Amino acid sequence: MHRLDKDTSGAIIVARTQTAFDQLTMMFASRKVNKVYLALVFGAPEGERGSIHLPIGRHMTDRKKMSTQSPKTRQAETHWRLMKQFEGTSLLEVGIKTGRTHQIRVHCAESGTPVVGDHTYNNAGWTKQPVRFKNKTIFNLLKGVRRQMLHAWKLEFIHPVTGQKIKCRAPLPIDMKQLLLDINHATMGIKQ
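So in this note's numbering, the last spot in the sequence shown is 242, and the numbers never skip.
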């Protein structure tokens, strides 16, 4: 019914019948499917929660990328809540009202808090500035990240046949869970 970006982990909805497919298509189109992600980002957003309303379209020169500067854009709305702040990074809960390609990654990058490990929208420029990480352990942990730390955490929707409210939650993948534990330990000065 929907896709996750390459190297994004988490839950997706799959329709098993044509009836379910048709009903779910209408739910997605009318934005009745609630999608919540977890994102480990560089930096810290301003405040405890916020919204990003920036239209997104195909990048003008790189067809594999999306951009807020494209001449042809569509509305995109992202809501976030700060869950935990570490040195140089933050864990965000991110909800999307719209489902544009690369939406969370583009909105986070445009807001100055790119997703950790996102080599498409972060350009790995942060590794040239180790000064912002007083804790070299955290800096080295982040340098080793091989994929974007973005996880489709929760999905809520109405079952297309029974009408029952369905709530799905995908556990964090091992690599993201371990990275968060390691950063937390390094932040607290715990030796492993």
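Think of the CB as a built atom: it goes at the ideal place given N, C-alpha and C, for glycine as much as any other residue. Here the structure is a predicted model, which means the values were calculated and not measured.
The continuous beta strand (DSSP E) containing H129 extends over residues 127-135.
Assignment of H157 by DSSP, reduced to helix, strand and coil, places it in the helix class.
Around the Cβ of P121, a 10 Å sphere holds fewer than 16 other Cβ atoms; the residue is exposed. Beta-bridge partners of V144 (DSSP): Y87, W130.
The beta carbon of S59 sits closer than 6 Å to those of H201, P223, all from its chain and outside the five residues before and after it, given in chain order. DSSP places K215 in the uninterrupted beta strand (DSSP E) bounded by 215-219.
When C-alpha distances from D57 are compared across D168, M116, H157, the shortest belongs to D168. T163 is the residue among K115, T163, I216, R53 whose C-alpha sits nearest the C-alpha of E96.
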